[in-house]
Amino acid sequence: MKRIVVVGGGAGGLELVTRLGHALGKGKNKTEIVLVDRSRTHIWKPLLHEVATGSIDINNDGVNYRAHAAKHHYQFQLGNVTKVNPHAKTITLDSLSDDKGHSILPERDLSYDTLIMAVGSISNDFGTPGVADHCYFLDSHKQAERFQQALLNHFLRVHQEGPDAKLKIAIVGGGATGVELSAELFHVAELMKAYGMPEMSGKRIHVELVEASGRILSALPERIANSAAKELTRLGVKISENTRVVRADSNGFQTADDKLIEADLMIWAAGVKAPDFIKDIEGFETNRNNQIVVRGTLQTEAFDDVYVIGDCCACVQPDGSFVPPRAQSAHQMASLVYDNIKGSLKGKPLKEYIYKDYGSLVNLSNYSTVGNLMGNLMGGSMFIEGRIARFVYISLYRLHLIAIHGWFKATIVMAAQKIGKVVKPKLKLH
Ligand SMILES: Cc1cc2nc3c(=O)[nH]c(=O)nc-3n(C[C@H](O)[C@H](O)[C@H](O)COP(=O)(O)OP(=O)(O)OC[C@H]3O[C@@H](n4cnc5c(N)ncnc54)[C@H](O)[C@@H]3O)c2cc1C
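Under the UniProt record's numbering, the residue at position 197 of the sequence shown is numbered 197, and the numbers go up by one with no gaps.
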């Protein structure tokens, strides 16, 4: 039996493996469809800053891969892929141990006929000294949960120390992650009032958002950045633009002009790269962000049987730039690779990927949502904010739920999440 292996069940990989499972994973001539992920649970990555603040609980909103696989005609293998050998057509999964270091599974190889690399991206600290040791990152739900625990502990401390105590948080990177996290922090500080800390509020936190370039949200139109900056400033966020961080230590961030940005909690959200193991794969061409260079069909330069989608894919656009690492790119690439795998089985010519930018939205927690929508009907880009922007932002997550569960179950999941918000605490408090 032929085997298709998808490595990485994120925004792109899980949508793809679900569609492949339904189309090819059942019936008389079925293909074996396998998803490999290092985590047991999927959470849509654009929600990670909400996991980090406790607004979302992975136990309620995460999707268990094994249960999902059983319903959608694919197999799930838990494992961290450390090597790919495209010549031998194998991937290597690292040995697996429990929390106490007891071995569960040894290192093992898995062969494939077709491979899809969908391992996403990790934060890029550009080798800045001290960052790896002193900062939190939002690359996975485990890291986001670690930050959430630290945040809760600091709220406890500040509450105990009395009304003059403040929690200092510094975030490096004024992209969507840093901006959305800044706003979310004020929201949770206000919510803590209802959970035994009546004197807690946004006034008890000091958030500094540090950006090396001239403005926050530098990849988005200036009007969106201005609107977001206005709202963040209103909340009390200190925005430090043109500020380059050169070192991190236990006191905070040291800047290029020799200033110390003091912080109790430090988050690094400045730029992404594909995981480091990728650059060591013999036969794959990679760019300086470790992303795998692909042809228009999303196959690697040298191997027809390896496709790459999402943040780890270096797909050049007609203007010479790479397709941006976004959930919408991962979703579109998953759709194209699905068509190409099905087409190739029928001997049809493969399609070429063209990135369609439908716009960008930045959600400033409950306070505001700003962004732009792109489309021929609008004759280019249209600025939106407020309720309409919030509705479109939420719709993107809903579309992902529909892609991985189907209409019926996605509707039930959404209803359950709404009910959960009424009957459960508004925050994860443990
Ligand atoms: C806080 C935050 C907010 C964001 N907001 C937005 C937004 O509003 N709009 C937008 O378009 N984009 C947003 N993004 C970016 C978006 O999340 C990514 O572009 C998107 O998730 C990429 O999808 P992907 O499938 O390539 O990778 P991911 O969704 O990151 O999935 C990668 C998967 O691969 C697995 N994996 C990684 N390495 C290995 C390995 N070695 N072995 C096995 N499994 C592995 C991971 O566990 C994960 O499940 C945001 C990102 C963050 C962090």
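Just so you know, even glycine gets a beta-carbon here, dropped at the ideal spot from N, CA and C. Quick caveat, the model's predicted, so the values are computed rather than measured.
To the nearest angstrom, how far is the alpha carbon of residue i from that of residue j?
i       : j       : result
Gly-21  : Tyr-74  : 5 Å
Ala-327 : Gly-162 : 42 Å
Arg-215 : Glu-15  : 34 Å
Glu-184 : Leu-151 : 12 Å
Leu-86  : Leu-115 : Sequence check: residue 86 is Pro here, not Leu. Answer to the nearest angstrom: the Cα atoms are 9 Å apart.
Asn-80  : Thr-90  : 14 Å
Val-306 : Leu-350 : 14 Å
Met-333 : Val-237 : 36 Å
Ile-224 : Thr-177 : 14 Å
Tyr-367 : Ile-205 : 17 Å
Ala-302 : Ala-314 : 14 Å
Gly-173 : Gly-127 : 15 Å
Leu-48  : Ala-144 : 6 Å
Gly-13  : Leu-110 : 18 Å
Glu-352 : Met-374 : 21 Å
Arg-157 : His-72  : 46 Å
Glu-208 : Gln-299 : 42 Å
Leu-217 : Leu-138 : 17 Å
Pro-175 : Gly-347 : Here residue 175 is Gly; the residue named in the question, Pro, does not match the sequence. Cα-Cα distance, rounded: 43 Å.
Arg-234 : Phe-322 : 35 Å
Lys-168 : Val-84  : 43 Å
Ile-419 : Ala-410 : 14 Å
Ser-250 : Ser-213 : 25 Å
Gly-101 : Leu-265 : 29 Å
Arg-295 : Glu-282 : 18 Å
Leu-286 : Pro-275 : It should be pointed out that residue 286 corresponds to Thr in this sequence rather than to Leu. Rounded to whole angstroms, Thr-286 to Pro-275 spans 11 Å at the Cα level.
Skipping 5 residues on each side, what residues in its chain have a beta carbon closer than 7 Å to that of residue i?
i       : result
Trp-44  : Ala-11, Tyr-397, His-400
Ser-95  : Ser-103, Leu-105, Pro-106, Glu-107
Met-200 : Phe-155, His-159, Ala-189, Met-192, Lys-193
What is the DSSP secondary structure of residue i, reduced to helix, strand or coil?
i           : result
Ser-368     : strand
Ser-395     : helix
Gln-77      : strand
Tyr-307     : strand
Lys-28      : coil
Trp-44      : coil
Gln-299     : strand
Ser-218     : coil
Ala-314     : strand
Asp-276     : helix
Gly-13      : helix
Asp-37      : strand
Glu-211     : coil
Asn-287     : coil
residue 435 : Past the boundaries of the shown model lies residue 435; the chain is included only from 1 to 430, so the question cannot be answered.
Asn-242     : coil
Leu-115     : strand
Tyr-136     : strand
Gly-8       : coil
Asp-339     : helix
Asp-109     : strand
Thr-82      : strand
Thr-128     : coil
Assuming residue i and residue j form a contact by the criterion Cβ under 8 Å, report the distance between their Cβ atoms to the nearest whole angstrom.
i       : j       : result
Ile-56  : Glu-50  : 4 Å
Val-6   : Ala-88  : That belief does not hold up - the Cβ atoms of Val-6 and Ala-88 are roughly 19 Å apart, past 8 Å.
Arg-40  : Asn-64  : 6 Å
Gly-27  : Val-17  : The pair is not a contact, with the Cβ atoms about 17 Å apart (cut-off 8 Å).
His-141 : Gly-62  : 7 Å
Glu-180 : Leu-364 : 7 Å
Ala-269 : Ile-171 : 6 Å
Asp-113 : Lys-2   : 5 Å
Per DSSP, residue i is paired with what?
i       : result
Ala-248 : Phe-253
Arg-223 : Answer is none; Arg-223 lacks a bridge partner.
Met-374 : Ser-381
Met-266 : Ala-170
Thr-177 : Paired residues: none, contrary to the question.
His-206 : Lys-168
Does any residue of chain B bring its CB to less than 9 Å from the CB of residue i?
i       : result
Val-294 : Absent here is chain B; the protein component of the structure consists of one chain.
Can you name, in chain order, every residue of its own chain whose Cβ lies under 6 Å from the Cβ of residue i, other than the five neighbours on each side?
i       : result
Arg-19  : Tyr-338
Phe-277 : Thr-82
Phe-155 : Met-192
Glu-32  : Met-1, Arg-3
If I measure Cβ to Cβ from residue i and keep anything under 8 Å in the same chain, skipping five residues before and after, which residues do I get?
i       : result
Tyr-195 : Pro-425, Leu-427, Leu-429
Val-272 : Ser-121, Ile-122, Ser-123, Asn-124, Asn-289, Asp-311, Pro-325
Lys-342 : Ala-23, Leu-24
Could you check whether the Cβ of residue i sits closer than 8 Å to any heavy atom belonging to ligand 2?
i      : result
Arg-38 : Ligand 2 is not part of the structure shown, which contains ligand 1 as its ligands.
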